[in-house]
Amino acid sequence: MGIKVLVVDDSAFMRKIITETISEIAGLEIVGTARNGRDALKAIPALKPDIVTLDIEMPGLNGLETLEIIKQEFHIPVVMMSSHSGEDNTIEALELGAMDFIEKPVDLKNQIEEFKKEIERKIKPLFETKEVAGLLKPLAKKAAQKEWQQAVPKKVKAIVIGASTGGPKALLHVVRNLPESLDIPVFIVQHMPKGFTASFAERLDMKSTVTVVEAQEGMQIQNGVVYLAPGDYHMTIEQNKIKLDSSPKILGVRPAVDYLFQSAAAVYEEALVSVILTGMGHDGSAGMSEIKRKGGFTLAQDRETSVVYGMPGNAVKKGVVDEVASLTEISEMINWIVRVRQ
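Heads up, the final residue of the sequence shown is numbered 1207 in our numbering, and it's a clean run with no missing numbers.
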């Protein structure tokens, strides 16, 4: 038996499209559909799905309200189905605990194959890696280890962070805990489509005491500012300016963490701290290897607090990580680095 999926959407047409698409993917099995949040909540106990795909904009009990109840009562992973016009609600859903989101196709003829690939790419690995349970565990609190402080460069000039699945919620935690005294730039790549990163940057800015912006071509880099790579563009650093380009995807993604990390390593050399947070795939390991080679400090989120351990786990396997820590610990470590070593 495959991964059991419950499809929730108020549009009969979209339910049909999503159901037919998922049915064609080996290893996924449709156990039912629901036309609204209330029907979904009634269906879950009977159908016992492994995962729910959930429309955001529905009459009555909307997607966000339904998501909150599913998380509280059933502890089932949820992937949001988002329209391009619903960026703000999508970001809020990720903050509330949705595993990920998939953009609904607008042009079925030209986008259906890409839609199918996205569903397969974002749902199947969650179960293949057996890491879904990590979503349900409280953040680990290990005894503070001070040895890592000796490995941090005496002078840190920048911090780079990469994340994918589960990243928005993790990044919110990290950025919200950055001190107002931040006096170095922070660069972030979060795997996210074009259009959604602007909303995410606004959300991070609103929820933190530091300035967070979506990076733009030619933007002058300023200390104390957090730069989020825009969707569909690689971000690099050149002569104290942001450089964006749409060169081919790396490991199937754009923006790529590797692209940013390698660029930052060339600019900041040993005065750089890099972090890989939760996410599926291998992006970030090659760039982190270059940062470590140049003498920078490297951090990865642990298995227990990662939604998916793919990206941090791969970096650990490659031997390019100085410290593995929980999300809470990483936030505390970055805070210390900013206060003591910037």
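From the three backbone atoms N, C-alpha and C, an ideal C-beta is built for every residue, glycine too.
Per the DSSP calculation, VAL1054 is bridged to which residue(s)? Numbered from 1 along the sequence shown, position 189 holds the residue referred to as residue 1054. Paired residue(s): GLY1027.
What is the DSSP secondary structure of LYS1106, counted as helix, strand or coil? In the sequence shown, the residue the question calls residue 1106 occupies position 241. Here LYS1106 sits in strand by DSSP.
Could you pull out every residue in the same chain whose Cβ sits closer than 7 Å to the Cβ of MET923, ignoring the five residues on either side in sequence? The count along the sequence shown starts at 1 and reaches residue 923 at position 58. Only ASP875, ASN901, GLY902 meet the Cβ criterion.
Closest to ARG986 by CA distance: which of ILE934, ALA1136, SER1029 is it? By 1-based counting over the sequence shown, the position of residue 986 is 121. It is SER1029.
Between the C-alpha atoms of MET1100 and LEU1093, what's the straight-line distance to the nearest angstrom? Counting from 1 along the sequence shown, the entry for residue 1100 is found at position 235. Counting from 1 along the sequence shown, the entry for residue 1093 is found at position 228. When rounded, the distance between both Cα atoms is 9 Å.
Segment limits, alpha helix (DSSP H) that includes THR886: If you number the sequence shown from 1, residue 886 lands on position 21. Where THR886 is concerned, the enclosing alpha helix (DSSP H) starts and stops at 877-888.
Is the beta carbon of LYS1022 sitting closer than 7 Å to the one on TYR1124? The residue you call residue 1022 lines up with position 157 of the sequence shown. The residue you call residue 1124 lines up with position 259 of the sequence shown. No, the pair does not count as a contact, with Cβ atoms beyond the cut-off.
Taking only three categories from DSSP, how would you classify GLU1079? The count along the sequence shown starts at 1 and reaches residue 1079 at position 214. In this structure, GLU1079 counts as strand in the three-state DSSP scheme.
Express the C-alpha separation of ILE916 and SER1196 in angstroms, rounding to a whole number. Taking the sequence shown and counting its residues from 1, one reaches residue 1196 at position 331. Taking the sequence shown and counting its residues from 1, one reaches residue 916 at position 51. One C-alpha to the other measures close to 29 Å.
Between the beta-carbon of ALA958 and the beta-carbon of MET946, is there less than 7 Å? Here residue 958 corresponds to residue number 93 of the sequence shown, with the count starting at 1. Here residue 946 corresponds to residue number 81 of the sequence shown, with the count starting at 1. ALA958 is not a Cβ neighbour of MET946, given a cutoff of 7 Å.
Any idea if ASN975 is buried or exposed, counting beta-carbon neighbours within 10 angstroms, 16 or more meaning buried? In the sequence shown, counting from the first residue as 1, residue 975 sits at position 110. Here ASN975 is exposed: its Cβ has fewer than 16 other Cβ atoms, across all protein chains shown, within 10 Å.
Looking at C-alpha atoms only, which residue of GLU968, ALA1130, VAL1054 is the closest neighbour of GLU1155? Stepping through the sequence shown from its first residue, residue 1155 is reached at position 290. Taking the Cα of GLU1155 as reference, the smallest distance to any Cα among GLU968, ALA1130, VAL1054 is reached at ALA1130.
On the premise that GLY1089 lies in contact with VAL1078, defined as a C-beta separation below 8 Å, what is that separation, rounded to the nearest angstrom? Residue 1078 sits at position 213 when you count from the first residue of the sequence shown. Residue 1089 sits at position 224 when you count from the first residue of the sequence shown. Contact annotation, VAL1078 with GLY1089: C-beta distance approximately 11 Å; criterion of less than 8 Å not satisfied.
Give me the residue from GLN1015, GLU983, ILE1049 with the minimum Cα distance to PRO1058. Position 193 of the sequence shown holds residue 1058. Checked all of GLN1015, GLU983, ILE1049; the closest Cα to PRO1058 is GLU983.
Could you have a look at LYS1022 and say whether DSSP puts it in helix, strand or coil? Mapped onto the sequence shown, residue 1022 falls at position 157. LYS1022 carries a coil assignment under DSSP once its states are collapsed to helix, strand and coil.
Opposing strand residues paired with TYR1092 [DSSP bridges]: In the sequence shown, residue 1092 corresponds to position 227, counting from 1. Answer is PHE1052, VAL1078, bridged to TYR1092.
To the nearest angstrom, how far is the alpha carbon of ASP1167 from that of ALA1121? Reading the sequence shown from its first residue, position 302 is the one you call residue 1167. Reading the sequence shown from its first residue, position 256 is the one you call residue 1121. Spanning the two alpha carbons is a distance of roughly 21 Å.
For VAL873, the first and last residue of its enclosing beta strand (DSSP E): Stepping through the sequence shown from its first residue, residue 873 is reached at position 8. For VAL873, the enclosing beta strand (DSSP E) covers residues 868-873.
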